[in-house]
C-alpha cells in the first residue's frame with residue numbers, strides 16, 4: 001500500500017513491508033490470512049492498472065478461483081475494466097475505492113503515530129475497521145475465518161463462543177470448523193465456565209499473542225523509521241493538501 005501524494009505532500013510505500021508482515025504471520029499460524037479478493041484490491045491499489053496475468057502470481061489458490069474473485073469485484077463496482085473490447089483486459093480500482101483506501105491510510109498513520117501504549121492492538125483495530133468497511137459495502141471477505149477469530153481475540157482478550165460468532169462474517173458452518181481447527185492447533189485456548197460447562201470462552205495462547213505483538217510492533221517501528229529517515233515531522237495534520 002502507498003500513502004498517496006494526492007492526499008499528503010509526500011508518499012511512503014508500505015506495501016512490501018506490509019506483505020512481509022502478513023507472510024510472517026501466515027507462516028507462524030500455518031494458514032492463509034487474506035482472501036483472493038483482498039489481495040487483488042491491495043495489488044491494484046499499490047501498482048495501478050494491471051492485466052490479470054500480472055495480478056495472478058500475487059494470489060494463492062486455483063486459477064478459476066482467481067478469475068471468480070476478479071469477476072466478483074468487477075460486478076460489484078470495486079474494479080473497472082479500462083477497455084471491454086481490448087484483447088487483454090486491464091483492470092483498475094474504481095476511483096471511489098482508491099480514495100476510500102487513501103483516507104483509511106491516513107487513519108492508519110494516526111494509529112502508528114499515536115501516544116497509545118498499546119500500539120499493536122490499535123493497529124489491529126484500525127485494519128479491522130478498514131476491511132470491515134469494504135466487506136460491508138461490497139459483500140467481499142478480506143480475511144479468512146481463522147484469522148478473523150484470532151484478530152478479534154487479539155483485540156478483545158477473551159470472548160464467548162456466541163460473541164465471536166456474532167463478530168465473524170463467515171457462515172456458522174465455517175466459523176465452527178475454524179474455531180475447532182485453531183484450538184486443535186494450539187493457537188487459541190478454549191475454557192469452560194466453572195458454573196456452567198455448556199458455556200465456553202476463548203483466548204489467544206501466549207505464543208500466538210507474543211508472535212502478533214512482535215510482527216505488528218516491528219511494522220510500526222519500521223514505519224516510524226521511514227519517517228525519521230525522510231526527516232518528516234510527525235504531525236500529519238500539517239501535511240494535508242488544502
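Numbering (full-length UniProt numbering), first residue to last: 1 to 242. From the three backbone atoms N, C-alpha and C, an ideal C-beta is built for every residue, glycine too.
When the beta-carbon positions are compared, residue 168 and residue 189 stay at least 8 Å from each other.
In the DSSP assignment, the residues bridged to residue 80 are 92. Residue 158 sits in a strand when the DSSP states are folded into three classes. Per DSSP, the unbroken alpha helix (DSSP H) holding residue 65 starts and ends at 63-75. Residue environment analysis places residue 210 among the exposed positions, since fewer than 16 neighbouring C-beta atoms fall within 10 angstroms of its C-beta. Under DSSP, residue 51 forms a beta bridge with 90.
Distance from the CA of residue 165 to the CA of residue 152, rounded to the nearest whole angstrom, comes to 11 Å.
Counting the other Cβ atoms within 10 Å of the Cβ of residue 35 gives 16 or more, which makes it buried. In this structure the segment 79-88 does not touch the segment 54-65; the number of beta carbon pairs closer than 8 Å is below three. The C-alpha of residue 218 lies about 32 Å from the C-alpha of residue 73.
Taking all protein chains shown into account, residue 47 has fewer than 16 neighbouring C-beta atoms within 10 Å of its C-beta and is therefore exposed. Comparing C-alpha distances from residue 185 to each of 24, 22, 29 shows the shortest one belongs to 29. Contact check for residue 160 against residue 201 passes: the beta carbons are separated by less than 8 Å. Between residue 54 and residue 77, the beta carbon gap of about 21 Å keeps them out of contact (Cβ cut-off 8 Å). In the three-state reduction of the DSSP assignment, residue 145 falls in the helix class, which pools H, G and I.
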